[in-house]
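Engineer: So the sequence shown is numbered by this note's numbering: it starts at 9 and just counts up by one.
This is the structure I want to talk about, given as structure tokens.
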Amino acid sequence: MSVTFGCPDTEPKLVPCQFCIDARREGHVRPDETCIPGCDGLEREYPEPQCNFANSNARDVLAALGLADEELCGRVDHGDLPEFIRKIIRVINSRGINSMSREPEEFSGAQGCKVIVCGSTPERARERFDSILVLAKWAQENGHGISWG
């Protein structure tokens with residue numbers, strides 16, 4: 009599972025589906041067909057930079073920003089972005105980011121399914137905070153809030 013961070017009130021632009029274009033070009037489907045059943049031949053392209061993290065990584069990011077939530081969903085309104093941006097910068101500049109490493113692990117989950125949690129390094133944690141910062145600055149400059157879920 010994963011958590012996507014973006015701006016919920018932006019309007020996507022509809023663009024031709026790249027998978028359909030590639031499938032037609034490579035001869036996998038006829039020119040009048042789409043890449044898969046149910047595809048309408050269009051993709052939604054959002055204007056804002058989006059971030060998508062594995063649940064464990066999103067949980068770490070949100071906890072470091074004081075926004076830990078069991079459901080891994082939430083929102084920062086446009087008016088609260090300056091403080092949110094300051095929090096991100098404080099985390100990036102703190103030594104705490106160096107402790108955000110995690111060894112990979114495997115265990116049995118509910119009903120015996122195998123669960124694999126990938127590891128992480130401080131460098132990857134820094135990249136996640138950098139990408140959230142880019143999104144937050146874009147949202148602030150363009151009059152939007154951000155949400156995740």
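Every residue gets a Cβ at the ideal spot worked out from N, C-alpha and C, and that includes glycine.
Please read these numbers as outputs of a predicted model, since none were measured by experiment.
Please list the terminal residues of the continuous alpha helix (DSSP H) segment that includes residue 59.
Structural biologist: Here residue 59 belongs to no alpha helix (DSSP H); instead the beta strand (DSSP E) covers 59-62.
Engineer: Determine the closest residue to residue 27 out of 21, 36, 20, with distance taken between C-alpha atoms.
Structural biologist: Residue 27 has its Cα closest to that of 36, out of 21, 36, 20.
Engineer: How many Å lie between residue 107 and residue 33 at the Cα?
Structural biologist: Spanning the two alpha carbons is a distance of roughly 47 Å.
Engineer: Within 8 Å, do at least three Cβ pairs link the stretch 17-31 to the stretch 49-60?
Structural biologist: With a cut-off of 8 Å, the stretch 17-31 and the stretch 49-60 count as touching, because enough Cβ pairs lie within range.
Engineer: Opposite residue 12 in the DSSP bridges: which residues?
Structural biologist: Its beta-bridge partners are 60.
Engineer: Is residue 132 a contact residue of the ligand ADP, with contact defined as CB to any heavy atom under 7 Å?
Structural biologist: Within the structure as shown, the ligand ADP is missing, as the structure has no ligands at all.
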